[in-house]
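Report on one structure; see the data block that follows.
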Amino acid sequence: MSHGIKNNSSVQLNSIIENQKKISQAALLKFYALSLLGFFLFLLLLNFFIYTHYFSKNNELLSKNQFSLLQKSRFDSLSKSLNSKKDFLANTGWMDDSRMISFYADRIASTVPDSVTLTNLNIYPAFSKLSNNTKQWNFQQDTILISGSCNDPSLLDAWLKEMGKIKNVQQSKINSYLFKKQGETGIFTAEVILK
Numbered sequence: 012m013s014h015g016i017k018n019n020s021s022v023q024l025n026s027i028i029e030n031q032k033k034i035s036q037a038a039l040l041k042f043y044a045l046s047l048l049g050f051f052l053f054l055l056l057l058n059f060f061i062y063t064h065y066f067s068k069n070n071e072l073l074s075k076n077q078f079s080l081l082q083k084s085r086f087d088s089l090s091k092s093l094n095s096k097k098d099f100l101a102n103t104g105w106m107d108d109s110r111m112i113s114f115y116a117d118r119i120a121s122t123v124p125d126s127v128t129l130t131n132l133n134i135y136p137a138f139s140k141l142s143n144n145t146k147q148w149n150f151q152q153d154t155i156l157i158s159g160s161c162n163d164p165s166l167l168d169a170w171l172k173e174m175g176k177i178k179n180v181q182q183s184k185i186n187s188y189l190f191k192k193q194g195e196t197g198i199f200t201a202e203v204i205l206k
């Protein structure tokens, strides 16, 4: 009987050892499963924070890109407008050094004698012509028309000769002179031709 008890106790002992192994393996498996679950949870949280960071960065860059595109569009529009205006000025000859409007206005005004009164100073007068049944405006880029009053025609003639000495002036002449006895005034129109 002692042999049967020994056998039985050894079986029980083996069974207990196996159960302990199974319990420790189950605990180890549970630990690994929880560790793996924790690791995946950590990866998901890390992924969430990285995604959120790059998502906000992407939105910021999209906003900057839209602003840049808007600025580029505005710049292109302004450049086109500027080039159009430059082309207009270049085509009409107003950008040439010899076509300086303020220069001529200043020089003519600085030489006007006291007895001459200017009523009109038209630099590069406009004229229209019909082309294909449409009216087109052009400018006489080599002409300055002057009108005013002067009682002394010889003084007027001397003044126009002096204007002939201004830079880029080819010719200055009186187009008409009319002396009115009523007001004892002479009304004139003159023309200055530029080179």
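At position 96 of the sequence shown (counting the first as 1) the number is 107 in my numbering, and the numbers step up by one without a gap. Cβ atoms here follow ideal geometry from the backbone N, Cα and C, with glycine treated the same way. Nothing here was measured: the structure is a model prediction, and the numbers come from that model.
Asked: Where LEU81 falls, given that 16 or more other Cβ within 10 Å makes a residue buried; Found: exposed
Asked: Validate contact between the segment 199 to 206 and the segment 143 to 162 using beta carbons, cut 8 Å, 3 pairs; Found: yes
Asked: Paired residues, beta bridge with TRP148 - DSSP; Found: SER139
Asked: Cβ-Cβ distance between LEU167 and TYR188 below 9 Å; Found: yes
Asked: Under 9 Å between C-beta atoms of SER160 and TRP148; Found: no
Asked: Every unbroken alpha helix (DSSP H) inside the segment 145 to 193 [4 residues or more]; Found: 164 to 174
Asked: Delimiting residues of the beta strand (DSSP E) encompassing VAL203; Found: 196 to 205
Asked: Residues near ASN186 in its chain [Cβ-Cβ closer than 7 Å; skip 5 each side]; Found: THR200, ALA201, GLU202
Asked: Bridge-paired residues (DSSP) for LEU129; Found: GLY159
Asked: Straight-line gap, LEU93 to ASP87 (C-alpha atoms, nearest Å); Found: 10 Å
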